[in-house]
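Its first residue numbered 462, the sequence shown is counted upward by one per residue in the numbering used here. For glycine and all other residues, C-beta sits at the position ideal for the given N, C-alpha and C.
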Amino acid sequence: MTSKKTRFTFQKRQDSSSNYHCCVPSCTASSRFNSALSFFTFPKDEEQRKKWLIKIRRDELQVTTNTRVCLRHFLPADVIQPSTPQGRRTLRKGAVPVLLQWNNYSLPAPRSGVWERREQPVPPPAKNVEGDLPMDVASLEHNYCSSAEPAALDLALSENAQLRSELAALRRQMEKFGLERFAGSDEDIRLYTRFESYAHLMSFWDQIEPDLEQKDLAHRFKVHESTVSQIINTWAHFLYEVLGAIGIWMDEDTIKQNLPEVFSSYADTHIILDCIELHYQTPDSLLLQSGVHSSYKSHSTFKGLIGIAPHGSVTFISPLYEASIRDREILKLSGLVSLLKPSMAIMVEEGFLVEDLVPFKVYIPAFLEKKSLLSGAEVGKTQSIARLRVHVERVIRRVKEHKLFRTEIPLSLTGSINQLFAVACLLVNYQNGLLVKAWAS
462 MTSKKTRFTF QKRQDSSSNY HCCVPSCTAS SRFNSALSFF TFPKDEEQRK KWLIKIRRDE
522 LQVTTNTRVC LRHFLPADVI QPSTPQGRRT LRKGAVPVLL QWNNYSLPAP RSGVWERREQ
582 PVPPPAKNVE GDLPMDVASL EHNYCSSAEP AALDLALSEN AQLRSELAAL RRQMEKFGLE
642 RFAGSDEDIR LYTRFESYAH LMSFWDQIEP DLEQKDLAHR FKVHESTVSQ IINTWAHFLY
702 EVLGAIGIWM DEDTIKQNLP EVFSSYADTH IILDCIELHY QTPDSLLLQS GVHSSYKSHS
762 TFKGLIGIAP HGSVTFISPL YEASIRDREI LKLSGLVSLL KPSMAIMVEE GFLVEDLVPF
822 KVYIPAFLEK KSLLSGAEVG KTQSIARLRV HVERVIRRVK EHKLFRTEIP LSLTGSINQL
882 FAVACLLVNY QNGLLVKAWA S
């Protein structure tokens, strides 16, 4: 007696429209050619809708009721499957499209949906070896209890287990890549962030974190170079606003309370000044070249003024100027003179001739001028000032260690270079260790 096999035929899922298109760049999905693929409308909640637009990189898109994102850009866990063939797929609350081409996710080739599948027809009964009697259909089915090749099966299972183990280890590694992974190693923290320790970095984060408008910022890998540039510029401007609102200029009492003993001969020193020059991409215009060319560096540069307190903190940062400007002109334009009082002295390098510009004391190494030799007292003064003034050069070196300033600054950053420079200088007060360990107190 031959048993009858029941056939199930699922109806094709119908959408309200047959001409939806996925709005994700590089995605060619269309309901016209794949009626089994779901196309989801944008959330009504403004914040959630903004997250979708940011994820698919279409911030300026005008969203309408016909603007859709197809099923292939959502995690399976975010999609709620229908309970019946005629039902519609829905999204979990808070779901966002994350499976995108620029996240190293390759869209799969279109395939038929689950509701379009049909049970394969039963093959005709096979004949026995004698050619006329039908064989038992059940005898054609595979016997899953048999193990014709146990060695091959064991090998496949072993390889499968090994691959699963490697995949799990890789996922753990990717999930744990972050600051917490290096929290136990101050050496690694210094390598990746230039902060002295994990505790030091967390202290800095606690200071700026309340001003963040979006807390969902994280490290993103394998993104386009322009995206990296946008992230850097966004954070630079953010840090410029936050750190720039914190006053770094110190009053006389604070300076004297933190004055190192080595400054006992120059106890009224309030600030140590020096100029910094940053290599700049040479512009095509000959007129612009003449303004930014530095004869000292033999290159196009920007020039700025940095001032530190005797104990090493950066307390003054000027804007950047063209390399052709003189040091004394930068001092006049920077606004520093208006911050100083007659009781405050400054310490500068040889050649920084500003005594006639300021109404206070200037400590400067002696130079020959019209004399053939320096006196013993002048030599001693020059050496003592040089030993103290060298610390501002060490701060400048730390500023130049930022990756942006290791090579020439591109022309495209001209509009934001002052903000980037100020942030680099301000971060020196948080990153690295003390200039001189003996000054710790």
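Candidates the options, of which the one nearest residue i by Cα
i: residue 715; options: 766, 480 and 770; result: 770
i: residue 481; options: 529, 617 and 666; result: 529
i: residue 531; options: 513, 490 and 524; result: 490
i: residue 765; options: 741, 748, 492 and 516; result: 741
i: residue 808; options: 800, 822, 485 and 543; result: 822
i: residue 549; options: 521, 500 and 557; result: 500
i: residue 780; options: 616, 667, 721 and 875; result: 875
i: residue 547; options: 558, 497 and 703; result: 497
i: residue 886; options: 871, 873, 872 and 855; result: 855
i: residue 860; options: 882, 508 and 872; result: 882
i: residue 811; options: 695, 845, 713 and 729; result: 845
i: residue 774; options: 734, 794 and 755; result: 734
i: residue 843; options: 858, 857 and 827; result: 827
i: residue 665; options: 707, 754, 649 and 512; result: 707
i: residue 795; options: 620, 717, 736 and 711; result: 736
i: residue 749; options: 717, 757 and 785; result: 785
i: residue 554; options: 525, 513 and 615; result: 513
i: residue 526; options: 863, 487 and 483; result: 483
i: residue 556; options: 510, 521, 872 and 825; result: 510
i: residue 524; options: 485, 654, 868 and 540; result: 485
i: residue 698; options: 711, 756 and 669; result: 669
Distance between beta carbons of residue j and residue i, contact taken as under 8 Å
i: residue 701; j: residue 880; result: 4 Å
i: residue 732; j: residue 768; result: 4 Å
i: residue 709; j: residue 776; result: 5 Å
i: residue 853; j: residue 819; result: Actually they do not touch by this definition, with Cβ atoms about 17 Å apart.
i: residue 561; j: residue 517; result: 7 Å
i: residue 752; j: residue 783; result: 4 Å
i: residue 720; j: residue 728; result: 6 Å
i: residue 694; j: residue 544; result: The pair is not a contact, with the Cβ atoms about 48 Å apart (cut-off 8 Å).
i: residue 643; j: residue 649; result: 4 Å
Reduced DSSP category for residue i - H, G, I as helix; E, B as strand; rest coil
i: residue 724; result: helix
i: residue 535; result: coil
i: residue 483; result: strand
i: residue 888; result: helix
i: residue 757; result: coil
i: residue 497; result: coil
i: residue 785; result: coil
i: residue 504; result: coil
i: residue 815; result: coil
i: residue 852; result: helix
i: residue 863; result: coil
i: residue 557; result: coil
i: residue 883; result: helix
i: residue 772; result: coil
i: residue 709; result: coil
i: residue 745; result: coil
i: residue 491; result: strand
i: residue 524; result: coil
i: residue 834; result: coil
i: residue 821; result: coil
i: residue 549; result: coil
i: residue 518; result: coil
i: residue 563; result: helix
i: residue 868; result: coil
Start-to-end residues for the beta strand (DSSP E) that takes in residue i
i: residue 663; result: Where residue 663 is concerned, there is no enclosing beta strand (DSSP E), although the alpha helix (DSSP H) it sits in stretches over 659-669.
i: residue 764; result: 760-769
i: residue 807; result: 806-808
i: residue 801; result: Here residue 801 belongs to no beta strand (DSSP E), and DSSP marks it neither H nor E.
i: residue 738; result: 730-740
The alpha helix (DSSP H) enclosing residue i, as first and last residue numbers
i: residue 715; result: 713-718
i: residue 654; result: 647-654
Proximity test, residue i beta-carbon vs the ligand COA heavy atom, cut-off 7 Å
i: residue 537; result: For the structure depicted, the ligand COA is absent and the ligand set is empty, with no information on it obtainable.
Please determine if the stretch 752-765 and the stretch 804-818 are in contact, where contact requires at least 3 C-beta pairs separated by less than 8 Å. No, the stretch 752-765 is not in contact with the stretch 804-818.
message = Quick check: the stretch 786-803 against the stretch 814-825, are at least 3 beta-carbon pairs closer than 8 Å?
response = Taking a cut-off of 8 Å on C-beta distances, the stretch 814-825 touches the stretch 786-803, as three or more cross pairs fall below it.
Review point. Per the contact definition of three or more C-beta pairs closer than 8 Å, is the stretch 531-540 in contact with the stretch 504-514?
Key: Short answer: they don't touch.
ask   = Can we say the stretch 841-851 touches the stretch 720-737, given the rule of at least three CB pairs closer than 8 Å?
value = Verdict: yes, contact present.
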